[in-house]
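A.B. asks: Line order of the protein sequences matches chains X and E. The first sequence: position 136 = 998 (the numbering used here), numbered continuously. The second sequence: position 262 = 1124 (the numbering used here), numbered continuously. From the three backbone atoms N, C-alpha and C, an ideal C-beta is built for every residue, glycine too. Here you go, one structure.
Number of protein chains: 2
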Amino acid sequence: MATRRLTQKDIARLAGVSQATVSFVLNGSPENANRIPAETRERVQKVIRETGYVADPVARRMVKGLNRILGVFTYEPAFPSAQADFFTPFLLGIEEAAQELGYDLLLLTGAGVKRRIFGENVRLRLSDGCIILGRQFDRDELTRLVAGDFPFVAVGRRDDAGGPVPYVGGGYAVATATLVDRVKAMGHRRIAYVGLNAGAESTVDRWIGFQPALGNAELVYTQFAVAQPPGETLDAILAARATCVFFTELADAIAVDAIARHRGISVPGDLSIVVLGNHIRAEEHGRRFTSFSIPREAMGRAATEMLVRRVENDAPVEQVLLDCAIVEGDTLGPLSTQHIRNT
Amino acid sequence: MATRRLTQKDIARLAGVSQATVSFVLNGSPENANRIPAETRERVQKVIRETGYVADPVARRMVKGLNRILGVFTYEPAFPSAQADFFTPFLLGIEEAAQELGYDLLLLTGAGVKRRIFGENVRLRLSDGCIILGRQFDRDELTRLVAGDFPFVAVGRRDDAGGPVPYVGGGYAVATATLVDRVKAMGHRRIAYVGLNAGAESTVDRWIGFQPALGNAELVYTQFAVAQPPGETLDAILAARATCVFFTELADAIAVDAIARHRGISVPGDLSIVVLGNHIRAEEHGRRFTSFSIPREAMGRAATEMLVRRVENDAPVEQVLLDCAIVEGDTLGPLSTQHIRNT
DNA sequence: CAACACTGCTAATGCGTATAAGCGCTAATG
DNA sequence: CATTAGCGCTTATACGCATTAGCAGTGTTG
């Protein structure tokens, strides 16, 4: 246990050469490699093989600057089961891409309660660059990151923070607009929207896609708050004689759908439901909501590849939105005759 | 972008002191801290605050030897969805413990197809120690780890490999024996065992707990192979007039249970089923099998804490088995009168 | 035969930090 | 008044490696 780690000096001593020679044998550049004859090289390599020596990556990094390590920072802990379904697909994509590109991942656990990038001990800097994951972004930290020289890529679109933020996001606005078009094609003209319309970029994007796509349809009810009993929400939707309701949160949709079913209100017969994004596996709740899917794994991959481009080639800031596939589901139907009669 | 990172030298210049003074201000040990008057300290800290300087963890590690980073090595990729349910609970425990102890996690992605600890560039060594996760262990690498001076802890019991292996495992043998006792207390005397009884330690442990606990019960059928159609397995179990069957693999149990149900054979009325370990959430398949639960999260936590003890205090090798709680389930019932008649 | 190039190495340096050792100064002590 | 004991710093060194510069010896050229 007390046996100190082997160093190049040890190898050099055992092989009867200098430390520099060992270093050359290990990573001889084309010009310098051939300056060491095969015989000496063999002798050194024999010692390396026998001792199982490997260069200390820390010292290596000291002089080379790069580590082939990518940091992954999450503002929320990544693995707790409540979050796991959300984070795992991202991490899967990140891990796969990192492996292909020959990078390891440094998972930053965030010291103490407050997770911060710029904390006391920014061990983050050990990595060559970092991916930032999570819904809650600290504005100030983002600004500092943009201003600084540390390469990073955000997963999820981010507004400018003293400069453009490199990101890989989901095309929520486009997908939302597509769903609105589909709803209108089904004949719906009286529409409700339940969910936030401000705050995080991902939330805003949905609203931005939604609003202009409405066209000649009428937004008869909006509920931008969240904490309301689902029964009341349903009452309000029906009172406004909406025939189709958009939810930003799957959980809200599930709750309202359950109440509707309980009251004998048919979905989509009497009321169509559309969810803007699908965070959880379909199997967990019986319903397949009409919605769009977030390409989380692909986002992880793309972000990783973008980060490596920035690290290795000092590539310029890129901003990418990946397409979200429409999930047909079975909660959106054509306007019923009863609806038409009521109008 | 071209702005080089700040170093202590820069801070020193700006504050009009020496580099060493900056270092003292940053991490003054009790004896040395008070050697620097508040005024100077303030001046230096002001510059640090204004510039946002943070010490390079690499250089820090160079001199301190430790990095507050724990490596996590998995022989199989951790996040692919097939594996995710298996690995996630471990990672959850590891992440929580690491966070509490102030460590970050270095996830080793394994270069290329073959995942190896001792590869070309053992990036692992950047961490202070490592946790090894996964069912498939490379014997040779384990031996080298045991022989070496790099601190590690295995998750899952491991046989000696040229010396005792530090691990946190599950008490499968004890839990299995408990289940056997319970089965016997229900009156069962004709028992079947389906699953491997050799190979990985976790498999062997189940068999080791099973065999001696049988006592006066009779092992009327064993199937140590795996790849057999579930129908044939069921036929063989029934032909042997077993009244209770133990499975090591949940998947096998699910398959046989499904066939039995399809054929109108009642579980546990006609045949009791016990599963030795529960790998997947109960909700995913309808049945709650009588089994034991593997405390994966606790294992991750314990392994992390053990590793930190080894890293920080050079603690001796520990080998711990955590209790597996018995899952009552509804696939184990008392011997039916029909069974008794048949005997 | 002097000048020079090439071979096969070694010595020296720097990366950014922590820390032991030391140095000039003032105040307290004998 | 000589000595010592803090005080408030600075200087110097080491960590393990990559890399540049250079040096001794041999051959090659003009």
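In chain order, what residues of the segment 948-963 of chain E put their CB closer than 7 Å to some CB of chain X?
C.D. replies: Within the segment 948-963 of chain E, the qualifying residues are T950, L953, L954, E957, A960 and Q961.
A.B. asks: Counting Cβ pairs, one atom from each stretch, are 3 or more of them under 8 Å apart for the segment 1022-1029 of chain E and the segment 1038-1053 of chain E?
C.D. replies: As far as the Cβ criterion goes, the segment 1022-1029 of chain E does not touch the segment 1038-1053 of chain E, which means the pair count is below three.
A.B. asks: Can you tell me whether Y1055 (chain E) is helix, strand or coil according to DSSP?
C.D. replies: For the purposes of this step, residue 1055 (chain E) is taken as the residue at position 193 of the second sequence. Three-state result, Y1055 (chain E): strand.
A.B. asks: Name the two residues that bound the continuous beta strand (DSSP E) containing Q1085 (chain X).
C.D. replies: Numbered from 1 along the first sequence, position 223 holds the residue referred to as residue 1085 (chain X). Element bounds for Q1085 (chain X): E1080 to Q1085.
A.B. asks: Quick one: which chain X residues come within Cβ less than 8 Å of D918 (chain E)?
C.D. replies: Within the second sequence, residue 918 (chain E) is the residue found at index 56, counting from 1. Simply R987.
A.B. asks: Step through the CB atoms of chain E and report whether any lies within less than 9 Å of the CB of D966 (chain X).
C.D. replies: Translated into the one-based positions of the first sequence, residue 966 (chain X) becomes position 104. Yes, contact with chain E.
A.B. asks: In the DSSP assignment, find the beta strand (DSSP E) that holds A1016 (chain X) and state where it starts and stops.
C.D. replies: Here residue 1016 (chain X) corresponds to residue number 154 of the first sequence, with the count starting at 1. Segment F1014 to V1017, the beta strand (DSSP E) holding A1016 (chain X).
A.B. asks: Determine, for A973 (chain X), whether the minimum Cβ-Cβ distance to residues of chain E falls below 9 Å.
C.D. replies: For the purposes of this step, residue 973 (chain X) is identified with residue 111 of the first sequence, where counting begins at 1. Any reading at A973 (chain X) must be qualified, since the residue scores a pLDDT of 45, below 50, and its modelled position is unreliable; the value itself is stated next. Yes, contact with chain E.
A.B. asks: Using a 10 Å radius around the Cβ and a threshold of 16 neighbouring Cβ atoms, would you call D990 (chain E) buried or exposed?
C.D. replies: Taking the second sequence and counting its residues from 1, one reaches residue 990 (chain E) at position 128. Buried is the call here.
A.B. asks: Just to confirm my understanding: we take E1063 (chain X), look at its own chain, exclude 5 residues before and 5 after, and list those with CB closer than 7 Å. What are they?
C.D. replies: Within the first sequence, the letter at position 201 stands for residue 1063 (chain X). Within the same chain, E1063 (chain X) has close Cβ partners G1018, R1019, R1020 and D1021.
A.B. asks: When you compare the CB positions of I1156 (chain E) and G1032 (chain E), do they come within less than 9 Å of one another, or not?
C.D. replies: Translated into the one-based positions of the second sequence, residue 1156 (chain E) becomes position 294. Translated into the one-based positions of the second sequence, residue 1032 (chain E) becomes position 170. Closer than 9 Å, so yes.
A.B. asks: Could you give the DSSP three-state label for Q1181 (chain X): helix, strand or coil?
C.D. replies: Walking along the first sequence from the start, residue 1181 (chain X) turns up at place 319. Strand, per DSSP.
A.B. asks: From the DSSP output, which residues share a beta bridge with C1186 (chain X)?
C.D. replies: Numbered from its first residue, the first sequence carries residue 1186 (chain X) at position 324. According to DSSP, which records beta bridges pairwise, C1186 (chain X) is partnered with nothing at all.
A.B. asks: Does the Cβ of S1134 (chain X) have 16 or more other Cβ atoms within 10 Å, making it buried, or fewer, making it exposed?
C.D. replies: On the first sequence, position 272 is the one that residue 1134 (chain X) refers to. It counts as buried.
A.B. asks: Closer than 6 Å by C-beta to L1007 (chain E): which residues in its own chain qualify, once you throw out the five before and the five after it? Chain order, please.
C.D. replies: In the second sequence, counting from the first residue as 1, residue 1007 (chain E) sits at position 145. Taken in chain order, the residues that qualify are F1014.
A.B. asks: List the endpoints of the continuous alpha helix (DSSP H) containing S989 (chain E).
C.D. replies: Along the second sequence, one-based indexing puts residue 989 (chain E) at 127. Element bounds for S989 (chain E): n/a, residue is neither H nor E.
A.B. asks: Would Q1085 (chain X) and Y1055 (chain X) be called neighbours here (beta carbons separated by less than 9 Å)?
C.D. replies: Sequence index remark: in the first sequence, residue 1085 (chain X) carries index 223 (1-based). Sequence index remark: in the first sequence, residue 1055 (chain X) carries index 193 (1-based). A contact, by the Cβ cut-off of 9 Å.
A.B. asks: State whether the segment 919-935 of chain E contacts the segment 913-930 of chain X, with contact taken as three or more CB pairs (one from each stretch) at a distance under 8 Å.
C.D. replies: Contact holds: three or more Cβ-Cβ distances are below 8 Å.
A.B. asks: Any beta carbon of chain E sitting closer than 9 Å to that of L1096 (chain X)?
C.D. replies: On the first sequence, residue 1096 (chain X) is found 234 positions in, with the first residue counted as 1. Closer than 9 Å: no.
A.B. asks: Check Y965 (chain E) in the structure and name its three-state DSSP category.
C.D. replies: Taking the first residue of the second sequence as 1, we reach residue 965 (chain E) at position 103. Residue state, collapsed to three classes: coil.
A.B. asks: How about M1168 (chain X): is its Cβ closer than 8 Å to a heavy atom in the ligand ADP?
C.D. replies: Although the ligand ADP was asked about, the structure shown includes no ligands whatsoever.
A.B. asks: Going by DSSP, name the residue or residues bridged to G1032 (chain X).
C.D. replies: Residue numbering aside, residue 1032 (chain X) sits at position 170 when the first sequence is read from its first letter. In the DSSP output, where bridge partners are listed per residue, G1032 (chain X) has X:L1184.
A.B. asks: DSSP three-state label for S1064 (chain X), please.
C.D. replies: Taking the first sequence and counting its residues from 1, the one referred to as residue 1064 (chain X) is at position 202. In this structure, S1064 (chain X) counts as helix in the three-state DSSP scheme.
A.B. asks: Kindly indicate which three-state DSSP category I1156 (chain E) falls into: helix, strand or coil?
C.D. replies: Residue mapping note: residue 1156 (chain E) aligns to position 294 of the second sequence, counting from 1. It is coil, neither helix nor strand.
A.B. asks: Along the beta strand (DSSP E) that carries S1134 (chain X), what are the first and last residues, could you check?
C.D. replies: The residue labelled residue 1134 (chain X) in the question sits at position 272 within the first sequence. From DSSP, the beta strand (DSSP E) with S1134 (chain X) extends over S1134 to V1137.
A.B. asks: Would you report the Cα separation of G933 (chain E) and V1129 (chain X), rounded to the nearest angstrom?
C.D. replies: Looking up residue 933 (chain E) in the second sequence gives position 71. Looking up residue 1129 (chain X) in the first sequence gives position 267. Computed Cα separation, rounded: 50 Å.
A.B. asks: Just confirm the distance between the C-beta atoms of T960 (chain X) and L967 (chain X), as a whole number of angstroms; I'd bet it's less than 8 Å.
C.D. replies: In the first sequence, residue 960 (chain X) corresponds to position 98, counting from 1. In the first sequence, residue 967 (chain X) corresponds to position 105, counting from 1. Note that residue 960 (chain X) corresponds to Ala in the displayed sequence, not to Thr. A960 (chain X) to L967 (chain X), Cβ: 6 Å. Contact.
A.B. asks: When you compare the CB positions of L986 (chain X) and L970 (chain X), do they come within less than 9 Å of one another, or not?
C.D. replies: Along the first sequence, read from residue 1 onward, the residue named residue 986 (chain X) stands at position 124. Along the first sequence, read from residue 1 onward, the residue named residue 970 (chain X) stands at position 108. Going by C-beta atoms, L986 (chain X) is nearer than 9 Å to L970 (chain X).
A.B. asks: Check whether chain X comes within 9 Å of I931 (chain E), counting only Cβ atoms and requiring the distance to be less than that.
C.D. replies: Position 69 of the second sequence, counted from the first residue, corresponds to residue 931 (chain E). Yes - at least one Cβ of chain X is within 9 Å of the one on I931 (chain E).
A.B. asks: Three or more C-beta pairs under 8 Å: does that hold for the segment 1189-1199 of chain E against the segment 1157-1169 of chain E?
C.D. replies: Not touching, per the Cβ criterion.
A.B. asks: Specify the secondary structure class of V934 (chain X) as computed by DSSP and reduced to three states.
C.D. replies: On the first sequence, position 72 is the one that residue 934 (chain X) refers to. Correct three-state label for V934 (chain X): strand.
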